Amino acid sequence: MQFMLLFSRQGKLRLQKWYVPLSDKERKKISRDLVQTILARKPKMCSFLEWRDLKIVYKRYASLYFCCAVEDQDNELITLEIIHRYVELLDKYFGSVCELDIIFNFEKAYFILDEFLLGGEAQETSKKNVLKAIEQADLLQEVRLLV
Amino acid sequence: MPAVSKGDGMRGLAVFISDIRNCKSKEAEIKRINKELANIRSKFKGDKALDGYSKKKYVCKLLFIFLLGHDIDFGHMEAVNLLSSNKYTEKQIGYLFISVLVNSNSDLISLINNAIKNDLSSRNPTFMNLALHCIANVGSREMAEAFAAEVPRILVAGDTMDSVKQSAALCLLRLNRTSPDLVLMGEWTARVVHLLNDQHLGVVTAATSLITTLAQKSPEDFKTSVSLAVARLSRIVSSASTDLQDYTYYFVAAPWLSVKLLRLLQCYPPPEDGAIRGRLTECLETILNKAQEPPKSKKVQHSNAKNAVLFEAISLIIHHDSEPTLLVRACNQLGQFLQHRETNLRYLALESMCTLASSEFSHEAVKTHIETVINALKSERDVSVRQRAVDLLYAMCDRSNAKQIVAEMLSYLETADYSIREEIVLKVAILAEKYAVDYTWYVDTILNLIRFAGDYVSDEVWYRVIQIVINRDEVQGYAAKTVFEALQAPACHENLVKVGGYILGEFGNLIAGDSRSSPLIQFDLLHSKFHLCSVPTRALLLSAYIKFINLFPEVKGTIQEVLRSDSQLRNADVELQQRAVEYLRLSSIASTDILATVLEEMPPFPERESSILAKLKRKKGPGNLHPDLDENRKERSANGGTADHSSTTSNAKVLLLSCCLLIRMTHCFLIVTVTSPKVAASPTPSTDLLGLGSTITTQNSAPPASKGTSLLVDVFSENIAAFPVETPVAVGPVADENFSRFVCKNNGVLYENQLLQIGLKSEFRQNLGRMYVFFGNKTSTQFMNFAASVPADPTVDGGAQLQQILNIECMSDFVDAPVLNIQFRYGGTLQNVAVKLPITLNKFFQPTEMTSQDFFQRWKQLGAPQQEVQKIFKAKHSMDTEVTKAKIMGFGAALLDGVDPNPSNFVGAGVIHTKTTQVGCLLRLEPNTQAQMYRLTLRTSRDTVSQRLCDLLSEQF
Numbered sequence: 001m002q003f004m005l006l007f008s009r010q011g012k013l014r015l016q017k018w019y020v021p022l023s024d025k026e027r028k029k030i031s032r033d034l035v036q037t038i039l040a041r042k043p044k045m046c047s048f049l050e051w052r053d054l055k056i057v058y059k060r061y062a063s064l065y066f067c068c069a070v071e072d073q074d075n076e077l078i079t080l081e082i083i084h085r086y087v088e089l090l091d092k093y094f095g096s097v098c099e100l101d102i103i104f105n106f107e108k109a110y111f112i113l114d115e116f117l118l119g120g121e122a123q124e125t126s127k128k129n130v131l132k133a134i135e136q137a138d139l140l141q142e143v144r145l146l147v
Numbered sequence: 001m002p003a004v005s006k007g008d009g010m011r012g013l014a015v016f017i018s019d020i021r022n023c024k025s026k027e028a029e030i031k032r033i034n035k036e037l038a039n040i041r042s043k044f045k046g047d048k049a050l051d052g053y054s055k056k057k058y059v060c061k062l063l064f065i066f067l068l069g070h071d072i073d074f075g076h077m078e079a080v081n082l083l084s085s086n087k088y089t090e091k092q093i094g095y096l097f098i099s100v101l102v103n104s105n106s107d108l109i110s111l112i113n114n115a116i117k118n119d120l121s122s123r124n125p126t127f128m129n130l131a132l133h134c135i136a137n138v139g140s141r142e143m144a145e146a147f148a149a150e151v152p153r154i155l156v157a158g159d160t161m162d163s164v165k166q167s168a169a170l171c172l173l174r175l176n177r178t179s180p181d182l183v184l185m186g187e188w189t190a191r192v193v194h195l196l197n198d199q200h201l202g203v204v205t206a207a208t209s210l211i212t213t214l215a216q217k218s219p220e221d222f223k224t225s226v227s228l229a230v231a232r233l234s235r236i237v238s239s240a241s242t243d244l245q246d247y248t249y250y251f252v253a254a255p256w257l258s259v260k261l262l263r264l265l266q267c268y269p270p271p272e273d274g275a276i277r278g279r280l281t282e283c284l285e286t287i288l289n290k291a292q293e294p295p296k297s298k299k300v301q302h303s304n305a306k307n308a309v310l311f312e313a314i315s316l317i318i319h320h321d322s323e324p325t326l327l328v329r330a331c332n333q334l335g336q337f338l339q340h341r342e343t344n345l346r347y348l349a350l351e352s353m354c355t356l357a358s359s360e361f362s363h364e365a366v367k368t369h370i371e372t373v374i375n376a377l378k379s380e381r382d383v384s385v386r387q388r389a390v391d392l393l394y395a396m397c398d399r400s401n402a403k404q405i406v407a408e409m410l411s412y413l414e415t416a417d418y419s420i421r422e423e424i425v426l427k428v429a430i431l432a433e434k435y436a437v438d439y440t441w442y443v444d445t446i447l448n449l450i451r452f453a454g455d456y457v458s459d460e461v462w463y464r465v466i467q468i469v470i471n472r473d474e475v476q477g478y479a480a481k482t483v484f485e486a487l488q489a490p491a492c493h494e495n496l497v498k499v500g501g502y503i504l505g506e507f508g509n510l511i512a513g514d515s516r517s518s519p520l521i522q523f524d525l526l527h528s529k530f531h532l533c534s535v536p537t538r539a540l541l542l543s544a545y546i547k548f549i550n551l552f553p554e555v556k557g558t559i560q561e562v563l564r565s566d567s568q569l570r571n572a573d574v575e576l577q578q579r580a581v582e583y584l585r586l587s588s589i590a591s592t593d594i595l596a597t598v599l600e601e602m603p604p605f606p607e608r609e610s611s612i613l614a615k616l617k618r619k620k621g622p623g624n625l626h627p628d629l630d631e632n633r634k635e636r637s638a639n640g641g642t643a644d645h646s647s648t649t650s651n652a653k654v655l656l657l658s659c660c661l662l663i664r665m666t667h668c669f670l671i672v673t674v675t676s677p678k679v680a681a682s683p684t685p686s687t688d689l690l691g692l693g694s695t696i697t698t699q700n701s702a703p704p705a706s707k708g709t710s711l712l713v714d715v716f717s718e719n720i721a722a723f724p725v726e727t728p729v730a731v732g733p734v735a736d737e738n739f740s741r742f743v744c745k746n747n748g749v750l751y752e753n754q755l756l757q758i759g760l761k762s763e764f765r766q767n768l769g770r771m772y773v774f775f776g777n778k779t780s781t782q783f784m785n786f787a788a789s790v791p792a793d794p795t796v797d798g799g800a801q802l803q804q805i806l807n808i809e810c811m812s813d814f815v816d817a818p819v820l821n822i823q824f825r826y827g828g829t830l831q832n833v834a835v836k837l838p839i840t841l842n843k844f845f846q847p848t849e850m851t852s853q854d855f856f857q858r859w860k861q862l863g864a865p866q867q868e869v870q871k872i873f874k875a876k877h878s879m880d881t882e883v884t885k886a887k888i889m890g891f892g893a894a895l896l897d898g899v900d901p902n903p904s905n906f907v908g909a910g911v912i913h914t915k916t917t918q919v920g921c922l923l924r925l926e927p928n929t930q931a932q933m934y935r936l937t938l939r940t941s942r943d944t945v946s947q948r949l950c951d952l953l954s955e956q957f
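Chains as they are written, first to last, in full-length UniProt numbering: chain A, 1 to 147; chain B, 1 to 957.
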């Protein structure tokens with residue numbers, strides 16, 4: 001995977017994760033172009049599209065669009081389920097996640113993503129294991145904070 | 001503001017985020033942010049030392065501001081400080097900030113690396129993971145340098161926790177992608193492969209990705225992974241859905257891991273070991289069988305996960321391309337999906353079938369779905385799905401269905417989305433040409449293309465139709481008639497005017513007998529379009545008019561009047577003005593004979609010269625003339641003694657021989673002809689020099705040697721006298737120091753020693769080239785025996801220069817360059833020089849401009865592994881953008897701006913022209929200035945071409 005973007009129906013970027021080195025300017029341009037392209041698509045359209053030399057896989061959950069860019073040989077359907085698993089993880093962690101959770105706790109959204117995907121590849125696909133790792137970290141925070 | 005459910009709330013941060021959300025306008029937001037930035041700056045600069053919590057909070061705010069899209073130019077130091085905090089939460093925010101905002105050339109890198117080093121050796125798995133995540137997220141060269149050795153050790157150490165192993169594996173994967181030269185697996189290889197056997201499926205999942213990446217780089221080192229991957233896959237595929245516990249996803253056993261394993265296997269050919277191969281086939285069959293079973297859940301996640309594995313299995317089957325039964329089963333499965341109610345599946349089935357169509361085993365099976373695909377083209381509501389349908393129709397097209405497919409694409413073109421029209425036009429044009437049995441159909445098809453989508457017909461397409469018409473006598477009359485009719489339409493596309501102008505100018509006479517298309521009517525018809533056309537088209541029409549003057553003397557007066565009018569003679573455009581003036585003059589002063597010669601019908605493409613070369617080639621026959629040099633010499637020795645020196649008649653010939661120029665071809669793919677040698681000081685007009693030329697070629701494959709030499713005898717026999725009787729001299733080492741300097745340029749000094757300087761000037765067009773070789777005598781003494789015994793000019797005076805012209809034709813792609821051997825006598829000794837002529841494959845490049853969309857479309861079409869060659873290499877020169885651009889253009893490809901999403905990358909496109917084929921080439925050069933490395937990727941339709949171009953170009957930077 002080359003990058004993952006989360007954005008709202010209004011086109012506001014809520015999370016961006018880049019797995020390839022790109023300058024800030026390029027990232028902004030790519031995000032802008034893609035957000036525009038995807039928002040212009042109709043609801044029933046297919047979840048995949050070709051974009052430059054990448055395959056875009058996206059899905060909308062409530063007010064948020066989750067969008068991944070994968071390479072030519074990558075599997076679109078499994079990417080779609082990567083998105084779903086990430087949504088499940090967020091949902092479980094925040095308890096019925098909504099866009100506001102991700103806005104106000106953006107750092108958590110990044111931490112969970114890092115436990116799940118690293119270097120653009122699935123690191124741990126077991127929901128239990130990912131959440132366990134995050135909870136352990138949370139526990140560690142509280143313990144240390146008391147010190 | 002929602003209650004923060006977990007972890008530590010940072011109240012100040014939440015308030016700030018709320019404020020931003022409440023901003024009514026962009027200006028208000030910026031104002032609020034600037035206020036916050038000022039506040040944070042003052043806190044950071046303030047005298048009071050900040051506690052860890054505040055530091056964390058402010059760093060987090062900065063991060064938030066950055067993620068909103070604003071620039072952040074401070075706070076890095078504070079973030080780095082957080083890394084060494086003993087509070088996890090502070091460390092974590094520090095790492096997040098660094099991961100998102102790190103500036104690799106920052107002075108902080110060593111501090112960051114230090115903190116990472118400490119955490120890696122902390123033996124605390126949570127800290128180790130944070131550090132590994134940071135390395136993986138940043139992935140910079142500096143980090144690779146610092147940790148590429150350490151991470152593998154962590155990965156394979158016996159006491160490393162599973163979760164750390166997972167992070168280490170993917171961290172290494174990232175480092176390998178950014179700095180492959182630094183990641184050396186060596187001693188770790190076996191243990192890394194063994195991770196496929198790990199108990200923990202999460203570890204296996206992460207390791208499989210790593211191994212796949214490494215195997216792509218060095219397949220040989222990781223080939224033991226095949227049997228382990230098959231074993232692992234087999235266990236997953238045959239497990240019950242509950243066996244794998246949390247790794248089962250909506251009743252599908254470990255779908256991610258399965259997909260990754262199948263992907264890893266695609267780095268290799270089918271296993272040689274029968275047992276492993278059998279087991280893999282079983283797995284693939286099971287996966288195909290499962291697709292037929294009723295779903296275990298109605299959830300889309302279930303079917304997606306299941307089908308993800310299925311599609312990956314089909315990719316592997318197609319990759320192996322060796323089991324006809326599996327291929328046909330795969331095709332049938334995809335056929336079912338073509339009519340599935342899920343748009344996603346229809347899309348993927350069309351995409352996957354495209355690759356299946358190119359396998360000989362399944363091509364026929366794919367063709368049976370033609371009606372469904374045509375239907376998809378007509379009825380799909382999503383343009384991206386229709387695009388796939390176009391691709392598939394293109395891929396499944398062959399002689400048997402070409403007419404149907406072309407007709408369907410043509411009719412779709414009228415309503416097609418603008419975004420894909422140009423591509424469809426190209427595809428139709430290619431198919432029509434490729435499968436044309438009768439060329440009237442081809443002409444009709446292209447004219448229809450212009451009619452339906454004239455704006456999308458690129459120059460290549462209409463050039464091509466003209467080339468074909470010119471080369472095929474039988475279609476010329478039909479073409480003239482058809483364009484004449486098409487031009488009757490009151491509004492016709494300019495491209496049609498171009499084609500019409502050209503064809504009528506050449507072949508209008510073929511329909512002039514019909515009174516309905518008399519010369520005057522033809523002319524009036526063309527001229528009625530003239531004023532609506534752009535300058536280039538008008539220029540083309542003017543040429544058509546002068547051709548008319550030759551074809552039809554009766555309209556000469558009318559046309560001269562047109563040329564004479566102020567709108568032509570005083571046209572603001574220089575080109576038009578010049579053509580009008582010249583054509584008018586030409587038609588007024590030249591005799592009919594001269595006109596007929598000058599304005600003769602265009603010769604067939606490719607250019608005139610090649611027909612002569614072809615004739616020469618026919619004479620020669622194929623053959624291994626490698627020893628031709630020797631034969632040649634023997635021939636000379638044999639005749640030299642008896643020949644009369646004065647028998648040489650032509651100055652040109654004399655000099656040809658006096659150079660003792662021998663071109664030894666080391667391969668069969670190039671023909672070099674020596675045509676018009678002349679002394680630069682007294683240039684000889686070279687009108688009929690082709691007749692004097694000699695072609696020396698060699699062919700590697702089984703030559704009738706006698707035939708081969710006979711050509712040389714023909715050419716040299718009468719001039720043999722020119723050569724002194726010398727014993728053959730062994731050719732010394734071939735000089736090629738300057739060879740690579742000519743890859744991207746055509747002129748310069750090729751060779752120089754203390755006596756002789758050889759300069760080059762060359763020009764190339766399509767598969768032909770011409771090279772001017774200048775021999776300069778650097779000494780003040782004469783070179784004797786450059787032609788010692790020839791009266792004309794057997795010497796090269798001190799300081800004088802001799803010129804030699806070589807005509808070159810590229811027959812097929814090649815690697816080895818021809819060698820130029822030179823002999824002359826200086827002082828008392830016979831000198832021998834052998835120089836490699838810088839004739840490289842890229843010289844036959846014709847640049848191709850294309851849009852980003854086309855580029856990537858074609859890039860994708862050239863996706864087969866053997867079509868791509870990639871090289872990662874260290875920069876040898878400074879990495880200057882302008883220099884790089886110049887080199888790529890010098891290399892011959894069109895440099896495409898704004899195509900690559902990353903503006904610091906370079907992409908280029910072009911076509912290599914050989915006599916027999918044209919090979920489309922795409923290239924992409926990705927500089928990494930940080931690492932002083934380049935990655936060069938070549939994709940062409942021919943593997944040998946990809947390889948050769950990659951080798952040539954990679955030496956240039």
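The beta-carbon is built from N, C-alpha and C at its ideal position, and this holds for glycine as well. Note that this is a predicted model, so its numbers are computed, not measured.
- In this structure, L802 (chain B) keeps its C-beta atom at 8 Å or more from the C-beta atom of A817 (chain B).
- In summary, M77 (chain B) is exposed, with fewer than 16 beta-carbon neighbours lying within 10 Å of its beta-carbon over all protein chains present.
- Bridge pairing for G908 (chain B): B:L895, B:L923 [DSSP].
- Here the alpha carbon of R41 (chain A) sits roughly 14 Å from the alpha carbon of D417 (chain B).
- For R14 (chain A), the uninterrupted beta strand (DSSP E) run begins and ends at 13-18, by DSSP.
- When only Cα atoms are considered, V100 (chain B) and H194 (chain B) end up about 34 Å apart.
- Take the alpha-carbon of D91 (chain A) and the one of S941 (chain B): they are about 47 Å apart.
- For I65 (chain B), the enclosing alpha helix (DSSP H) covers residues 52-67.
- Under DSSP, H913 (chain B) takes part in a beta bridge, and its partners are B:Q918.
- Counting other Cβ atoms within 10 Å of its Cβ, Q476 (chain B) reaches 16 or more and is therefore classed as buried.
- As computed with DSSP, C331 (chain B) is found in no beta bridge at all.
- Taking 4 residues as the shortest admissible run, the stretch 314-389 of chain B contains the following complete alpha helix (DSSP H) segments, listed from N- to C-terminal end: 324-338, 343-356, 363-367, 370-379.
- A contact between stretches requires three or more CB pairs, one per stretch, nearer than 8 Å, and the stretch 116-124 of chain A meets this requirement with the stretch 166-185 of chain B.
- Look at C492 (chain B) here: in three-state DSSP terms it is coil, with no helix or strand label.
- Distance between V749 (chain B) and W859 (chain B), taken at the CA atoms: about 37 Å.
- For C744 (chain B), the three-state secondary structure derived from DSSP is coil.
- The C-beta of M45 (chain A) comes closer than 8 Å to at least one C-beta of chain B.
- Assigned with DSSP and collapsed to three states, N842 (chain B) falls in helix.
- Taking Q10 (chain A) as reference, the option from A:L140, A:F48, A:I38 with the minimal CA-CA separation is A:I38.
- Shown here, I822 (chain B) sits in a strand according to DSSP, grouped into three states.
- Contacts with chain A at 8 Å (Cβ-Cβ) include T205 (chain B).
- For L525 (chain B), the enclosing alpha helix (DSSP H) has its first and last residue at 519-530.
- For A436 (chain B), the closest of B:F605, B:L62, B:D398 by C-alpha to C-alpha distance is B:D398.
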